[in-house]
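Q: Note that the protein sequences, when read in sequence, are chains A and B.
Each step along the first sequence adds one to the number in the numbering used here, with nothing skipped, and position 161 is 872.
Each step along the second sequence adds one to the number in the numbering used here, with nothing skipped, and position 108 is 111.
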Amino acid sequence: MPAPKFLRSVVARFAPLFAVGALGFLGACASPEPGQLVADPYEKVNRNLHELNKGTDTAFVRPAAMTYGTIVPNPVRQGVSNVADNLTLPSEVLNGLLQADGKLALNNGFRFVINSTFGLAGLLDPATKMGLPDMDTDFGETLHVWGFKEGAYLSVPLLGPSTERDFAGTVVDAAINPVTLFTPLYYTAARRGLNAAELLDDRYRYDETISSTLYDSADSYAQSRLLYIQNRRFELGQSASGSDSQDDFYFDPYEDPYAE
Amino acid sequence: MLNNSMTRRGVLFGASALSLASALPAFALTEANATKLINSVVGQINSVIASGQSQSAMISQFENIFVRYSDVPTIARYTLGVAARSASGAQLNAFTDAFTGYISRKYGKRFQEFAGGRLEVQQTKAVKSFYEVKTLAYLPNSAPFDVTFLVSDKSGKDLFFNMFIEGVNLLLTEREEIGAMLDRRGGDLNALIADLKKAG
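Shown next, in the form of structure tokens:
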């Protein structure tokens, strides 16, 4: 049917423009106040969404993950997660090119070719053993490379912690994914299933860390925000305070014993 | 006979030199010593992971490593933040004890996620007045991730005082959590200490 396909490609082509436009609008106004790690002007809404996500985890995600982890043997779960990961590689190649990072694009390109063939459609990961490690990237990182600021912190329904820049990246990634654009629609549905399975596998594997953050913290919203921001800035090669200098990453408790 | 007394004198001299050395924290921390410390930490952590013990055994082993190789009083004080300034000496000691148990339970539990894995020291470099020792954690079926230790001798001994797992900073994360716990108890440090003994 040509009509839905045409519609889909129109949406796919223009969604990034909308997202980037929205980003420019949002990203212009949020930067952290002094003493704050990240700007959080929507904290009230974010906290409500965080509680909603926590409720979803309690009621659905965690029980499903524990069932999946208990019933399905580890090698099978690993294989499914590998296939899901493999299908994100074309998108990562595209982001590598957009970042003008030849090494990243080539690494992920070769990974995709090798794991799709010798790795049996991505079930196995021989590329890592051949010296082509997993090098994750996404459109959020591309925006960072292009000079967009992080923007405000966001708690996104079902997705969890993000920032204005990273959320725009997530939206754009979904729209410009080459696998989505060049394969029939039912592939996308299958891929969603694989991604969901990978998510459950991660939730099962890191249950101790995730559950302790969500359910044992005095302020699970603040902890989730802090963990996400620190880890994301680390991935993007930034310091903890968000600047590109490494220095203030390493505050000295011997010089500032009371953290003032 | 002569030999014997020489030896004794040697021992005596050695012993006094040793006590002098431990009284003076002036021996500068070197790159080699920082690496050596973290090699010991990593060696011990790896053997805990490989031992496959029960969770409670792993927690107490982790507590031993934490107490022996890290500067617990400095970590505890920094984590408590400004509240540490107005605390009495007894309160600070009680907090440090409770904090040690809390950290050991909280992080010792997560050793299960490291099953089948190991840490490897990568490189050491001087930063400010301390050393940064980078290690990589290898877990089965996942990409290696970064675990970095910061080592200082400012306590008088070579000890680590902070650690980062994929950029997540222990001091910063625990300072926020302890701060939130204290806020919830209306700033009552004694209540925090009592609850911290059970938390983690």
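Backbone N, C-alpha and C fix where the C-beta goes; we use that ideal spot for every residue, glycine too.
Quantities reported herein were computed from a predicted structural model and do not represent experimental measurements.
Work out the CA separation of residue 941 of chain A and residue 170 of chain B for me, nearest whole Å.
A: The sequence position of residue 170 of chain B within the second sequence is 167, counting from 1. The sequence position of residue 941 of chain A within the first sequence is 230, counting from 1. Using only the alpha carbons, I get a separation of about 6 Å.
Q: Do residue 146 of chain B and residue 839 of chain A come within 9 Å of each other at the CB atom, strictly closer than that value?
A: Here the question's residue 839 of chain A lines up with position 128 in the first sequence. Here the question's residue 146 of chain B lines up with position 143 in the second sequence. Result yes, Cβ atoms of residue 839 of chain A and residue 146 of chain B sit closer than 9 Å.
Q: Thinking C-alpha only, which one of B:184, B:47 and B:80 is nearest residue 964 of chain A?
A: Here residue 964 of chain A refers to the residue found at position 253 of the first sequence. Minimum Cα distance to residue 964 of chain A is reached at B:80.
Q: When the cut-off is 9 Å and only beta carbons count, does residue 827 of chain A lie next to chain B?
A: Here the question's residue 827 of chain A lines up with position 116 in the first sequence. Judged by the 9 Å Cβ criterion, residue 827 of chain A is not in contact with chain B.
Q: Should residue 29 of chain B be labelled buried (16 or more other beta-carbon atoms within 10 Å of its own) or exposed?
A: For the purposes of this step, residue 29 of chain B is identified with residue 26 of the second sequence, where counting begins at 1. Note on residue 29 of chain B: pLDDT 46, under 50, position unreliable in the model; the coordinate value appears next. So residue 29 of chain B ends up on the exposed side.
Q: When the cut-off is 9 Å and only beta carbons count, does residue 938 of chain A lie next to chain B?
A: Counting from one through the first sequence, the residue named residue 938 of chain A turns up at place 227. It does: the Cβ of residue 938 of chain A has a partner Cβ on chain B nearer than 9 Å.
Q: For chain E, find out if any of its Cβ atoms is closer than 9 Å to the Cβ of residue 744 of chain A; answer yes or no.
A: No chain E appears in this structure, whose protein chains are A and B.
Q: Flag residue 37 of chain B as yes if its beta-carbon sits less than 9 Å from any beta-carbon of chain A, otherwise no.
A: Reading the second sequence from its first residue, position 34 is the one you call residue 37 of chain B. Closer than 9 Å: no.
Q: Going along chain B in order, which residues have a C-beta closer than 8 Å to the C-beta of residue 928 of chain A?
A: In the first sequence, counting from the first residue as 1, residue 928 of chain A sits at position 217. Here the neighbours are 180 and 183.
Q: Is residue 193 of chain B buried or exposed, if buried means 16 or more other CB atoms sit within 10 Å of its CB?
A: Start at 1 with the first residue of the second sequence, and residue 193 of chain B comes out as number 190. So residue 193 of chain B counts as exposed.
Q: Under DSSP, the alpha helix (DSSP H) around residue 123 of chain B begins and ends at which residues?
A: Position 120 of the second sequence, counted from the start, is the residue given in the question as residue 123 of chain B. Element bounds for residue 123 of chain B: not the alpha helix (DSSP H) but the beta strand (DSSP E), 121-130.
Q: Using CA atoms only, rank isn't needed, just tell me which of B:151, B:162, B:115 and B:136 is closest to residue 1 of chain B.
A: The first residue shown for chain B is 4 and the last is 203, placing residue 1 of chain B beyond what the model contains.
Q: Could you check what DSSP says for residue 910 of chain A in three-state terms: helix, strand or coil?
A: As a first step, residue 910 of chain A is located in the first sequence; it is residue number 199 there, counting from the start. It is helical.
Q: Going by the CB atoms, is the gap between residue 139 of chain B and residue 153 of chain B shorter than 9 Å?
A: Within the second sequence, numbered from 1, the residue matching residue 153 of chain B stands at position 150. Within the second sequence, numbered from 1, the residue matching residue 139 of chain B stands at position 136. No.
Q: Find the residues of chain B that neighbour residue 920 of chain A, judging by a C-beta separation of less than 7 Å, and give them in chain order.
A: For the purposes of this step, residue 920 of chain A is identified with residue 209 of the first sequence, where counting begins at 1. Neighbours of residue 920 of chain A on chain B, chain order: 113 and 116.
Q: For the segment 84-95 of chain B, list every residue whose C-beta sits within 8 Å of some C-beta in chain A, in sequence order.
A: Residues 84, 85, 87 and 88.
Q: For residue 183 of chain B, which residues in the same chain have their Cβ closer than 6 Å to its Cβ, ignoring the five residues on either side in sequence?
A: As a first step, residue 183 of chain B is located in the second sequence; it is residue number 180 there, counting from the start. Excluding sequence neighbours, residue 183 of chain B sits near nothing in its chain.
Q: In the DSSP assignment, what residue or residues form a beta bridge with residue 135 of chain B?
A: As a working mapping, residue 135 of chain B is identified with position 132 in the second sequence. Paired residue(s): B:128 and B:153.
Q: What does the Cβ neighbour count give for residue 189 of chain B, buried or exposed, with the cut at 16 atoms within 10 Å?
A: What you label residue 189 of chain B is simply residue 186 of the second sequence in a count that begins at 1. By the 10 Å Cβ count, residue 189 of chain B comes out exposed.
Q: My output table needs one value for residue 193 of chain B: the three-state DSSP class, helix, strand or coil.
A: As a working note, residue 193 of chain B is residue 190 in the second sequence. Residue state, collapsed to three classes: helix.
Q: Between which two residues does the beta strand (DSSP E) carrying residue 164 of chain B extend?
A: Here residue 164 of chain B corresponds to residue number 161 of the second sequence, with the count starting at 1. Here the beta strand (DSSP E) through residue 164 of chain B covers 162-168.
Q: Please work out which residues of its chain come closer than 8 Å, Cβ to Cβ, to residue 876 of chain A, disregarding the five sequence neighbours upstream and downstream, and give them in chain order.
A: As a first step, residue 876 of chain A is located in the first sequence; it is residue number 165 there, counting from the start. Closer than 8 Å at the Cβ level, and outside the excluded window around residue 876 of chain A, lie 734, 738, 851, 854, 855, 859, 860, 861 and 862.
Q: Along chain B, in chain order, which residues have C-beta atoms closer than 7 Å to that of residue 933 of chain A?
A: Taking the first residue of the first sequence as position 1, residue 933 of chain A is located at position 222. Result: 179 and 183.
Q: Is residue 866 of chain A near residue 935 of chain A, with beta carbons less than 9 Å apart?
A: Within the first sequence, the letter at position 155 stands for residue 866 of chain A. Within the first sequence, the letter at position 224 stands for residue 935 of chain A. Cβ atoms of residue 866 of chain A and residue 935 of chain A: closer than 9 Å.
Q: When the cut-off is 9 Å and only beta carbons count, does residue 853 of chain A lie next to chain B?
A: One-based indexing of the first sequence puts residue 853 of chain A at position 142. Closer than 9 Å: no.
Q: Could you check if residue 767 of chain A belongs to the surroundings of the ligand FAD, using beta carbon to heavy atom distance under 8 Å?
A: For the ligand FAD, the structure offers nothing, since it holds no ligand at all.
Q: Are there 16 or more other CB atoms within 10 angstroms of the CB of residue 109 of chain B, so buried, or fewer, so exposed?
A: As a position in the second sequence, residue 109 of chain B is number 106, starting the count at 1. With 16 or more other Cβ atoms within 10 Å, it is buried.
Q: Using the Cβ count rule (16 or more neighbours within 10 Å means buried), how would you classify residue 71 of chain B?
A: Start at 1 with the first residue of the second sequence, and residue 71 of chain B comes out as number 68. Result: exposed.
Q: Less than 9 Å between the C-beta atoms of residue 175 of chain B and residue 102 of chain B, yes or no?
A: Residue 175 of chain B sits at position 172 when you count from the first residue of the second sequence. Residue 102 of chain B sits at position 99 when you count from the first residue of the second sequence. In this structure, residue 102 of chain B does not lie closer than 9 Å to residue 175 of chain B by Cβ.
Q: Please check the pair residue 820 of chain A and residue 794 of chain A, which I expect to be a contact at CB under 8 Å, by giving their CB distance rounded to whole angstroms.
A: The count along the first sequence starts at 1 and reaches residue 820 of chain A at position 109. The count along the first sequence starts at 1 and reaches residue 794 of chain A at position 83. The pair is not a contact, with the Cβ atoms about 18 Å apart (cut-off 8 Å).
Q: State buried or exposed for residue 896 of chain A, treating a residue as buried only when at least 16 other CB atoms are found within 10 Å of its CB.
A: Along the first sequence, one-based indexing puts residue 896 of chain A at 185. Classification for residue 896 of chain A: exposed.
Q: CB-CB under 7 Å to residue 915 of chain A, same chain, minus the five flanking residues each way: which ones, in chain order?
A: Stepping through the first sequence from its first residue, residue 915 of chain A is reached at position 204. 776, 777, 779 and 780.
Q: Beta-carbon within less than 6 Å of residue 902 of chain A's beta-carbon, same chain only, minus the 5 sequence neighbours each way: which residues are those?
A: Residue 902 of chain A sits at position 191 when you count from the first residue of the first sequence. For residue 902 of chain A, where only same-chain residues beyond five positions count, the Cβ hits under 6 Å are 798.
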